[in-house]
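Everything below concerns the one structure shown next.
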Amino acid sequence: TRYFIQYSLAFTEEMEVGALVWLTMLGAAAGLRQGAHLSITFLVARFAPRGRRAARALALLLGVALFLNLVAFALWQIRDERLLGITSEALGIPQWWYTAGLVLGGAAVLIRLLQAAGRLRAGGEAEWM
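In terms of our numbering, the sequence shown opens at residue 1 and continues consecutively.
In structure tokens, the structure reads:
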């Protein structure tokens with residue numbers, strides 16, 4: 001586009017990447033709610049009911065640990081980006097606006113994982129598994 005209209009449209013790529021972070025994280029939370037995530041049940045399906053329940057609980061625990069770490073590291077990154085005043089190259093907006101998608105999306109995923117854990121603890125199934 002730079003050669004066609006004599007201007008660079010670098011801001012479009014920047015917006016695209018930033019939107020991708022937000023959409024990925026919020027989509028992951030929505031996918032958990034709707035049971036749309038892939039799961040490999042080949043091995044777990046052969047377990048006794050008690051073993052399946054334990055495997056689901058372990059998967060939930062690992063998911064919570066993963067997203068707690070993701071949110072914690074994203075918060076540290078946001079702190080650094082704000083302290084250093086980092087802005088995006090093309091648009092000049094604060095870089096932490098993009099990183100906030102990791103925090104908010106990660107928190108949404110954590111909420112969904114905890115809801116699934118509550119259902120599993122109450123004797124139900126974690127639908128996403």
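Ideal placement from N, C-alpha and C gives every residue a C-beta, glycine not left out. A quick note: this is a predicted structure, and the numbers were derived from the prediction, not measured.
In this chain, the alpha helix (DSSP H) harbouring Gln115 covers 96-121. In the three-state reduction of the DSSP assignment, Thr24 falls in the helix class. Where Gly63 is concerned, the enclosing alpha helix (DSSP H) starts and stops at 49-84. Listed in chain order, the non-local C-beta contacts of Trp22 below 6 Å within the same chain comprise Gly101, local neighbours out to five positions each way being set aside. One thing to note: Arg112 has its Cβ no nearer than 9 Å to the Cβ of Arg52. In the structure shown, Thr41 adopts coil according to DSSP, grouped into three states. In this structure, the alpha-carbon of Ala59 lies about 36 Å from that of Pro94. Under DSSP, Thr87 takes part in a beta bridge, and its partners are Pro94. In terms of Cα proximity to Gly105, the closest of Thr12, Gly27, Gly18 is Gly27. Pairing Gln115 with Met15, the inter-Cα distance amounts to about 32 Å. In the displayed model, Ala36 falls within coil according to three-state DSSP, outside both helix and strand.
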